[in-house]
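**Q** The structure that follows is given in the form of structure tokens.
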Amino acid sequence: MISVNDFRTGMSIEIDGELWQVVEFQHVKPGKGAAFVRTKLKNIRKDFTVEKTFRGGEKVQRAIVERKTFQYLYPGDGDYVFMDNETYHQVNVTEEQIGDGLKWLKDSMEVQIVFHGD
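Counted from 1, the sequence shown has number 105 at position 105 by the working numbering; the numbering is strictly sequential.
Rendered as structure tokens:
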């Protein structure tokens, strides 16, 4: 668990089973009342952004993610095949996982793929 007071831009967190990346954050200490943290969070899996306010000192789960560079190889049966540039290991990624990025995908293009968990 990590305190919202320790947020940094680019940090990955988990809220209600969803992965989020901190895009912006601002610590607010009003003259009257308790401090809070105003954030802009990007959903890593579904690629949309929300604004969320946390109470000062509130704790959230930090997500352990790994970002690796892959090269796009070819489309498969309902998915797309990418190769790890270091190990030459291939992974299949669904159209749903790629989302809007699909319209910019070009042959041999290098992309960052985010892995979470095992």
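No residue lacks a Cβ here, since even glycine has one placed at the ideal position from N, Cα and C.
#1: Do ILE2 and ARG62 have their C-beta atoms within less than 7 Å of each other?
#2: My understanding is that MET109 touches TYR72, with C-beta atoms under 8 Å, so please give their C-beta distance in whole angstroms.
#3: Hey, VAL81 and VAL114 are a contact pair by Cβ (cut 8 Å); roughly how many whole angstroms apart?
#4: Kindly identify the DSSP beta-bridge partner or partners of ARG8.
#5: Flag this pair as yes or no: are the beta carbons of VAL67 and THR53 separated by less than 7 Å?
**A** In terms of the structure at hand:
#1: Inclusion of ILE2 and ARG62 in the CB contact set at 7 Å is warranted, their separation being smaller than that value.
#2: 5 Å
#3: The Cβ separation is near 17 Å, so there is no contact.
#4: DSSP, once it has assigned bridges, lists no residue as partnering ARG8.
#5: Note on identity: in this sequence residue 67 is Arg, with Val being the wrong assignment. No, the pair does not count as a contact, with Cβ atoms beyond the cut-off.
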